[in-house]
Amino acid sequence: MTEQVAPPANGVRRIAVITGAGSGVGRAVAIAFGKQDWRLALVGRREKALRETACMAWNNAASECLICPCDVGEREAVQQMAARVLGHFGRVDALVNAAGTNTPRRSLQEVDRGDYERLLATNLTGAYDCIQAFLPSMRAQKRGTIVNIVSDAGKQANAKAGVAYVISKFGLAGLTQSINAEERAHGVRACAIFPGDIDTPILDLRPAPPPPAAR
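Everything in the sequence shown is counted per this note's numbering, starting at 3 for the first residue and increasing by one.
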């Protein structure tokens with residue numbers, strides 16, 4: 003059952019930043035928020051994919067979405083994106099960290115150092131940098147919600163996910179707990195979502211991608 007979120011009492015439309023919004027979970031979150039009449043900043047590496055998401059979220063009224071091409075694995079790009087979002091909207095009510103990736107060569111024995119660092123930069127450090135970029139604004143308004151899309155691999159390690167992915171997701175779960183421990187007194191809360199397998203493009207990065215019937 004889908005929870006219906008009541009509009010704010012003052013009638014002001016809420017604003018969300020969604021990373022990884024060009025596909026998969028991030029796109030689905032954007033569409034769901036759009037149905038609830040949120041104003042959106044869509045963040046991802048591929049501008050074309052973000053514009054497609056905007057059309058889905060707003061029934062072809064993409065002017066309600068701010069398109070923000072950005073690789074969250076690059077700290078300077080995140081800072082520039084956040085400055086643009088805050089300059090445009092003036093505030094942020096929610097941040098959804100849905101950007102994520104993996105690598106086909108993912109076992110402890112074979113994972114490449116470069117892939118390992120790139121994966122952690124996107125899945126963990128990128129989320130951290132986005133939080134750091136928007137936290138001052140949330141603190142100033144004494145409210146804000148941060149949603150981290152983790153994985154069941156962030157609760158229990160498994161060989162299917164790969165060592166770097168597991169490390170990144172356990173770290174993201176810990177980051178969520180740290181936010182609540184430190185920021186709840188300032189009106190900022192965080193929650194972690196631990197989905198299992200979902201039919202998204204990340205499945206195609208497995209060493210042996212599952213067939214359509216198994217998705």
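Backbone N, C-alpha and C fix where the C-beta goes; we use that ideal spot for every residue, glycine too.
For the stretch 140-159 against the stretch 188-196, are there 3 or more C-beta pairs whose distance is under 8 Å?
-> yes
Report the partner residues of residue 41 according to the DSSP bridge assignment.
-> As a first step, residue 41 is located in the sequence shown; it is residue number 39 there, counting from the start. DSSP lists 17 as partners of residue 41.
Starting from the C-beta of residue 156, find all residues in its chain whose C-beta is less than 7 Å away, skip the five residues before and the five after it, and write them out in chain order.
-> Position 154 of the sequence shown, counted from the start, is the residue given in the question as residue 156. 171, 172, 174, 175, 196.
With burial defined as no fewer than 16 other Cβ atoms inside 10 Å of the residue's Cβ, what is the status of residue 41: buried or exposed?
-> For the purposes of this step, residue 41 is taken as residue 39 along the sequence shown, with counting starting at 1. Here residue 41 is buried. Its C-beta has 16 or more other C-beta atoms within 10 Å.
Determine the contact status of residue 136 and residue 98, defining contact as a CB-CB distance below 8 Å.
-> Locating residue 136 in the sequence shown gives position 134, where the first residue counts as 1. Locating residue 98 in the sequence shown gives position 96, where the first residue counts as 1. Their beta carbons are not under 8 Å apart, which means residue 136 does not touch residue 98 by this criterion.
Closest residue to residue 15 among 56, 67, 24, 51 (Cα-Cα distance) | Start at 1 with the first residue of the sequence shown, and residue 15 comes out as number 13. The option with the nearest alpha carbon to residue 15 is 67.
At what residues does the beta strand (DSSP E) containing residue 147 begin and finish?
-> Translated into the one-based positions of the sequence shown, residue 147 becomes position 145. Note, residue 147: beta strand (DSSP E), 146-151.
Measuring alpha carbon to alpha carbon, tell me which of 125, 128, 30 ends up nearest residue 60.
-> Taking the sequence shown and counting its residues from 1, one reaches residue 60 at position 58. Shortest Cα-Cα distance from residue 60 to any of 125, 128, 30 involves 30.
Simplified DSSP state of residue 190, which is helix, strand or coil = Indexing the sequence shown from 1 puts residue 190 at position 188. DSSP places residue 190 in strand when its eight states are reduced to three.
Alpha helix (DSSP H) containing residue 182: first to last residue?
-> Position 180 of the sequence shown, counted from the start, is the residue given in the question as residue 182. Its alpha helix (DSSP H) spans residues 165-185.
Give me whichever residues DSSP pairs with residue 104 in a beta bridge.
-> On the sequence shown, position 102 is the one that residue 104 refers to. DSSP output for residue 104 lists no bridge partner at all.
Terminal residues of the continuous alpha helix (DSSP H) containing residue 80?
-> Position 78 of the sequence shown, counting from 1, holds the residue named residue 80. In this chain, the alpha helix (DSSP H) harbouring residue 80 covers 77-91.
Rank 32, 36, 24, 185 by C-alpha distance to the C-alpha of residue 48 and give the top, closest one.
-> Indexing the sequence shown from 1 puts residue 48 at position 46. Of the listed residues, the one whose Cα sits closest to residue 48 is 24.
Measure the beta-carbon distance from residue 128 to residue 75 and round it to whole angstroms, keeping in mind my assumption that it falls under 8 Å.
-> Against the sequence shown, residue 128 aligns to sequence position 126. Against the sequence shown, residue 75 aligns to sequence position 73. That pair is a contact at about 5 Å.
Would you list the residues sitting across from residue 67 in a DSSP beta bridge?
-> Residue numbering aside, residue 67 sits at position 65 when the sequence shown is read from its first letter. Paired residue(s): 42.
Leaving out the 5 sequence neighbours to the left and right, which residues in its chain are closer than 6 Å to residue 125 when beta-carbon positions are compared?
-> Within the sequence shown, numbered from 1, the residue matching residue 125 stands at position 123. Around residue 125: 102, 170.
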